[in-house]
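Chains as they are written, first to last, in the numbering used here: chain A, 362 to 472; chain B, 163 to 277.
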């Protein structure tokens with residue numbers, strides 16, 4: 362399974378875009394990129410996922426490089442409530458038994 | 163629609179005691195999972211189930227047992243609790259094959275302390 366590398370922490374000013382990078386240089390062709398976040402000590406929350414095309418939903422945008430070796434999660438207008446740990450995960454779609462969480466990136470949104 | 167409900171939310175056990183954590187989901191999900199999260203760390207998979215009557219081991223299964231007698235419930239048992247099992251336990255569920263792939267829905271967690 363592809364492993365991911367994320368910076369341990371990032372800061373972002375409230376109202377600005379937060380760009381969270383993820384490196385997955387060993388990703389294989391059938392593996393999707395998923396993003397989750399965990400606010401304080403709550404259960405993780407699904408944000409977005411994609412294969413190779415850029416994706417957007419009401420929460421965020423996902424930009425995947427053409428070679429698929431890295432991706433960026435974009436929160437367009439970060440708020441204080443977006444302060445959380447963000448996890449980037451890669452796994453084959455519908456292979457629900459290989460969903461491993463790393464340490465993630467702690468995003469600190471500051472006023 | 164409650165989603166994934168975990169009970170209890172908090173528990174303190176003495177070493178050697180046993181207990182069962184209950185996870186219930188009302189979304190008709192096929193797959194269910196138990197994770198543990200230690201302070202400052204990511205989630206680690208304990209056991210999972212791909213359907214009623216099935217269970218399988220994850221990354222860290224030792225010291226735990228599970229059962230999935232009904233589709234909506236997934237139980238995690240600790241037969242003889244140890245301090246190393248002090249952690250936050252999360253249950254998750256998802257549709258599985260053929261279903262909508264929006265990832266997992268997680269419960270709010272059970273905070274277990276073993277003294």
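Idealized CB from N, CA, C, for every residue including glycine.
Just the Cα atoms here: how many angstroms apart are residue i and residue j?
{"i": "residue 121(B)", "j": "residue 395(A)", "result": "The structure shown does not extend to residue 121(B), since chain B is modelled only from 163 through 277, so no value can be given for it."}
{"i": "residue 384(A)", "j": "residue 413(A)", "result": "14 angstroms"}
{"i": "residue 215(B)", "j": "residue 375(A)", "result": "48 angstroms"}
{"i": "residue 404(A)", "j": "residue 217(B)", "result": "22 angstroms"}
{"i": "residue 367(A)", "j": "residue 398(A)", "result": "13 angstroms"}
{"i": "residue 437(A)", "j": "residue 448(A)", "result": "18 angstroms"}
{"i": "residue 370(A)", "j": "residue 467(A)", "result": "4 angstroms"}
{"i": "residue 276(B)", "j": "residue 172(B)", "result": "11 angstroms"}
{"i": "residue 206(B)", "j": "residue 193(B)", "result": "16 angstroms"}
{"i": "residue 440(A)", "j": "residue 419(A)", "result": "14 angstroms"}
{"i": "residue 451(A)", "j": "residue 221(B)", "result": "17 angstroms"}
{"i": "residue 183(B)", "j": "residue 190(B)", "result": "20 angstroms"}
{"i": "residue 443(A)", "j": "residue 164(B)", "result": "23 angstroms"}
{"i": "residue 180(B)", "j": "residue 240(B)", "result": "5 angstroms"}
Any idea if residue i is buried or exposed, counting beta-carbon neighbours within 10 angstroms, 16 or more meaning buried?
{"i": "residue 243(B)", "result": "buried"}
{"i": "residue 408(A)", "result": "buried"}
{"i": "residue 257(B)", "result": "buried"}
{"i": "residue 283(B)", "result": "As shown, chain B starts at 163 and ends at 277. That puts residue 283(B) outside it, with no answer to give."}
{"i": "residue 272(B)", "result": "buried"}
{"i": "residue 255(B)", "result": "buried"}
{"i": "residue 425(A)", "result": "buried"}
What does residue i touch in chain D if you count any residue whose Cβ is under 8 angstroms from its own?
{"i": "residue 222(B)", "result": "Judged by its chain identifiers, the structure shown contains no chain D, and its protein chains are A and B."}
Does residue i have its Cβ less than 8 angstroms from a Cβ in chain B?
{"i": "residue 407(A)", "result": "yes"}
{"i": "residue 448(A)", "result": "yes"}
{"i": "residue 410(A)", "result": "yes"}
{"i": "residue 403(A)", "result": "yes"}
{"i": "residue 422(A)", "result": "no"}
{"i": "residue 464(A)", "result": "yes"}
Would you say the beta carbon of residue i is closer than 7 angstroms to some non-hydrogen atom of the ligand GTP?
{"i": "residue 441(A)", "result": "What this structure holds is no ligand at all, so the ligand GTP is not there to describe."}
Can you list, in chain order, the residues of the segment 262 to 276 of chain B whose Cβ is nearer than 9 angstroms to any Cβ on chain A? 263, 264, 265, 266, 267, 268, 269, 270, 271, 273
Along the chain, which unbroken stretches of the beta strand (DSSP E) at least 3 residues long are found entirely within the segment 381 to 456 of chain A? 392 to 399, 406 to 411, 422 to 425, 431 to 436, 445 to 453
Listed in chain order, which residues of the segment 224 to 257 of chain B have Cβ atoms closer than 7 angstroms to some Cβ of chain A? 250, 252, 256
3 or more residues per run - each beta strand (DSSP E) lying fully within the segment 200 to 264 of chain B: 205 to 211, 227 to 229, 235 to 240, 249 to 256
When Cβ atoms are compared, which residues of the segment 202 to 215 of chain B fall closer than 9 angstroms to chain A? 202, 203, 204, 205, 206, 207, 210, 212
Beta strand (DSSP E) runs wholly inside the segment 164 to 203 of chain B, at least 3 long, in chain order: 166 to 169, 172 to 175, 181 to 187, 193 to 199
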